[in-house]
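What follows is a short report on a single structure.
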Amino acid sequence: MFANVGWGEMLVLVVLGLVILGPERLPGAIRWTAGALRQARDYVTNATDQLRDEIGPEFEDLRAPLSELQKLRGMTPRAALTRHLLDGDDSLFTAVGALAAEPRSMPPIPAVLPDPGAPAPFDTEAT
Numbered sequence: 001m002f003a004n005v006g007w008g009e010m011l012v013l014v015v016l017g018l019v020i021l022g023p024e025r026l027p028g029a030i031r032w033t034a035g036a037l038r039q040a041r042d043y044v045t046n047a048t049d050q051l052r053d054e055i056g057p058e059f060e061d062l063r064a065p066l067s068e069l070q071k072l073r074g075m076t077p078r079a080a081l082t083r084h085l086l087d088g089d090d091s092l093f094t095a096v097g098a099l100a101a102e103p104r105s106m107p108p109i110p111a112v113l114p115d116p117g118a119p120a121p122f123d124t125e126a127t
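Under UniProt numbering, the sequence shown has 97 at position 97, and the numbering climbs by one with no breaks.
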């Protein structure tokens, strides 16, 4: 549940709790929060067990799309494109990466810059 919360964030929360609640009420607030989280986890576990008992073997069929969504959630855009659109073949990305890594020559700079007050060149054949 708190997989994305590291020790630094926990330390910030404890310091904020000390500032907001004070040292007298902070231990009670931590105990209450831990108890509420434990109770919520128990409710979810019991609900899952009850669904598994009522639905039976079809319950695993319901879990398959959810596990697929969980896999997609952790994917980068490149991995998602490679997996679903390119059937796992990432040679397109390696070719584009190789082209991007090649040094390119700059076009020559004109020796004479056009006059800023002069009208722009007009090509009658292009229109």
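We treat Cβ as the ideally placed atom computed from N, Cα and C, and that holds for glycine. It should be emphasised that the depicted structure is a prediction, and the values quoted were computed from it without experimental measurement.
In angstroms with no decimal places, state the Cα-to-Cα distance between residue i and residue j.
i	j	result
Ala-126	Ala-120	14 Å
Ala-80	Glu-9	30 Å
Val-5	Pro-57	35 Å
Gly-28	Pro-77	44 Å
Leu-26	Asp-42	24 Å
Gln-50	Leu-37	20 Å
residue 177	Glu-54	Outside the shown range of the chain (1 to 127) lies residue 177, about which nothing can therefore be said.
Arg-83	Met-75	10 Å
Ala-47	Gly-17	32 Å
Arg-73	Gly-22	39 Å
Gln-70	Ile-20	36 Å
Val-12	Asp-89	44 Å
Ala-64	Arg-52	14 Å
Ser-67	Leu-85	20 Å
Glu-24	Ile-30	11 Å
Asp-87	Thr-124	49 Å
Ala-34	Ala-40	10 Å
Val-14	Trp-32	14 Å
Per DSSP, what kind of secondary structure is residue i in: helix, strand or coil?
i	result
Val-5	coil
Pro-119	coil
Leu-86	coil
Thr-76	coil
Gly-22	coil
Gly-56	coil
Pro-124	Here residue 124 turns out to be Thr, not Pro, going by the sequence shown. Thr-124 falls in the coil class under three-state DSSP.
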